[in-house]
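**Q** Sharing a structure, written as structure tokens. Questions coming.
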Amino acid sequence: MNKSWAIVNKILPFSCVDGPGNRLVIFLQGCNFRCLNCHNPYTISLCKDCGDCVNACPYKALRFNNHRVVWQTSVCQQCDTCINTCVHHSTPMTYKYSVDDLLITIRKYLPFLNGITLSGGEATMQLPFVEKLFSAIKQTNDLKHLTCFIDSNGYLAKTGWQKVENNMDGAMIDLKAWNNDVHKSLTGRDNLRVKKTIKYLAKINKLYEVRFLIIPEHTDLQDNAENIAKFLIDLDPNIRIRINAFHNHGVHGIAKTWQSASKQQIELFAQQLKQSGFKQITLPPVYL
Ligand code: SF4
Ligand code: SF4
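Here the sequence shown stands for residues 14 to 301, where the numbers follow the working numbering.
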């Protein structure tokens with residue numbers, strides 16, 4: 014199925030942490046992981062139009078039209094009651110963008126941009142749209158200098174990456190746990206495909222960065238620094254690595270009770286990787 018529009022949760026006009034240079038980041042709605050530590054669980058599902066949030070909205074910014082929930086942005090007060098009401102991990106506050114709509118948005122910020130990044134949710138859940146958008150950018154004279162990146166959980170199969178790889182300049186991939194059972198318990202999915210993605214993208218020179226989130230007592234990355242280093246160094250000794258620190262502020266459910274990662278824990282993991290020869294390691298700018 015070829016989609017000519019996307020369900021977008023949010024657009025960030027400028028970011029310097031989502032790939033090289035200054036980037037416009039488009040957060041697509043929908044994810045195939047169910048991470049216990051998700052900071053934005055309302056980005057997980059597409060709205061089912063069940064209507065539970067319509068009456069809950071204290072400002073009457075939601076209504077039904079032809080069995081669809083309609084969000085009136087001009088009335089919305091951003092109180093988040095709808096998000097907190099939704100039991101489906103969704104939100105009525107999304108936007109429908111066509112490829113042409115997004116090209117117009119990108120042009121607004123064009124003089125300041127090095128590229129665009131598709132994030133989420135999980136951007137590859139809307140792969141036909143990603144294909145079309147990247148292809149449109151690369152075929153448009155005033156836009157083709159922009160680099161096109163994807164920030165992904167890595168679950169997409171090789172056949173999926175092959176659909177976008179010609180127009181994609183790079184991808185940032187999260188490896189959330191080293192052992193499959195730990196990965197499954199944290200995300201609901203196995204990590205075999207994630208490791209395959211990392212290998213495949215490294216092979217075709219499209220792996221921009223591998224990302225690790227350290228959650229004390231819950232991720233097993235800290236205990237497997239040697240295994241991780243061996244896995245990555247065999248692929249590319251110059252690989253970029255970004256280490257992020259879990260913080261429990263703003264998470265939901267059980268993860269609220271989890272301990273935040275300390276500077277010391279992050280630096281220890283980084284040190285273990287550095288000993289294996291990695292030089293391009295980015296650490297969190299702040300700790301909570
Ligand atoms: S955030 Fe949701 S509940 Fe609050 S005003 Fe906007 S639509 Fe209504
Ligand atoms: S956002 Fe959630 S509660 Fe509101 S209509 Fe959609 S699925 Fe139902």
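For every residue, glycine included, the Cβ atom is placed at its ideal position computed from N, Cα and C.
In the DSSP assignment, find the beta strand (DSSP E) that holds K109 and state where it starts and stops.
**A** Segment 108-111, the beta strand (DSSP E) holding K109.
**Q** What is the DSSP secondary structure of P141, counted as helix, strand or coil?
**A** Reduced to three states, the DSSP call for P141 is helix.
**Q** Would you check if the distance between the CB atom of I163 and the CB atom of V223 is smaller than 7 Å?
**A** No, they are not a contact pair.
**Q** Can you tell me which of the three DSSP states I163 falls into?
**A** In the structure shown, I163 sits in a strand (DSSP, three-state: E or B).
**Q** Between the stretch 278-286 and the stretch 251-258, do at least 3 Cβ pairs fall closer than 8 Å?
**A** Flag = yes, the stretch 278-286 and the stretch 251-258 touch.
**Q** Spell out the partners DSSP gives R255 in its beta bridges.
**A** BP columns for R255 point to R224, T295.
**Q** May I ask whether a heavy atom of ligand 1 can be found less than 6 Å away from the beta carbon of D62?
**A** Every heavy atom of ligand 1 is 6 Å or more from the Cβ of D62, so no.
**Q** Whole angstroms are fine: how far does the CA of N53 sit from the CA of I96?
**A** Straight-line Cα distance between these residues: approximately 10 Å.
**Q** Three or more C-beta pairs closer than 8 Å, one from the stretch 97-104 and one from the stretch 64-84: is that the case here?
**A** Touching, yes, given that three or more Cβ pairs across the two stretches are closer than 8 Å.
**Q** Short of 7 Å in beta carbon distance, which residues of its chain neighbour Y221, apart from the five on each side in sequence? Order them along the chain.
**A** G32, F162, G183, A184, M185, R253.
**Q** When burial is assigned at 16 or more other CB atoms within 10 Å of the CB, is V17 buried or exposed?
**A** Checking the sequence shown, residue 17 turns out to be Ser, not Val. Looking at its Cβ environment, which holds fewer than 16 other Cβ atoms inside 10 Å, S17 is exposed.
**Q** Between which residues of its own chain and M14 is the CB-CB distance below 7 Å, once the five residues before and five after are set aside?
**A** Any reading at M14 must be qualified, since the residue scores a pLDDT of 42, below 50, and its modelled position is unreliable; the value itself is stated next. For M14, where only same-chain residues beyond five positions count, the Cβ hits under 7 Å are P141.
**Q** Please report the distance separating the alpha-carbon of T130 from that of L116.
**A** So the two alpha carbons sit approximately 13 Å from each other.
**Q** With a Cβ-Cβ cutoff of 7 Å, do E135 and C48 count as a contact?
**A** For E135 and C48, no; Cβs fall outside 7 Å.
**Q** Decide if F291 is buried, meaning its Cβ has at least 16 other Cβ atoms within 10 Å, or exposed.
**A** Counting Cβ neighbours within 10 Å, F291 comes out buried, since at least 16 surround it.
**Q** What do you reckon, is the C-beta of T94 under 6 Å from a heavy atom of ligand 1?
**A** Because some heavy atom of ligand 1 lies under 6 Å away, the Cβ of T94 counts as near it: yes.
**Q** Tell me which residues share the same chain as G167 and place their Cβ nearer than 6 Å to its Cβ, disregarding the 5 neighbours each side in the sequence.
**A** Counting only Cβ-Cβ distances below 6 Å, and skipping sequence neighbours, we find I186, V207, T210.
**Q** Should H262 be labelled buried (16 or more other beta-carbon atoms within 10 Å of its own) or exposed?
**A** It is exposed - the Cβ of H262 has fewer than 16 other Cβ atoms within 10 Å.
**Q** For a test of your reading of the model: does the CB of P105 fall under 6 Å from any non-hydrogen atom of ligand 2? Yes or no.
**A** For ligand 2, at least one heavy atom lies less than 6 Å from the Cβ of P105.
**Q** Mind checking who T130 pairs with in its DSSP beta bridge?
**A** Answer by DSSP bridge pairing, in chain order: V38, F162.
**Q** Does the stretch 268-278 come into contact with the stretch 229-244, if we say contact requires no fewer than three beta-carbon pairs (one atom in each stretch) closer than 8 Å?
**A** In short, these stretches touch, since the Cβ pair count reaches three.
**Q** In angstroms with no decimal places, state the Cα-to-Cα distance between D113 and V21.
**A** So the alpha carbons of these two residues sit roughly 14 Å apart.
**Q** Give the list of continuous beta strand (DSSP E) stretches no shorter than 3 residues that lie fully inside the stretch 61-100.
**A** DSSP runs (the beta strand (DSSP E)) wholly in the stretch 61-100: 75-78, 81-84.
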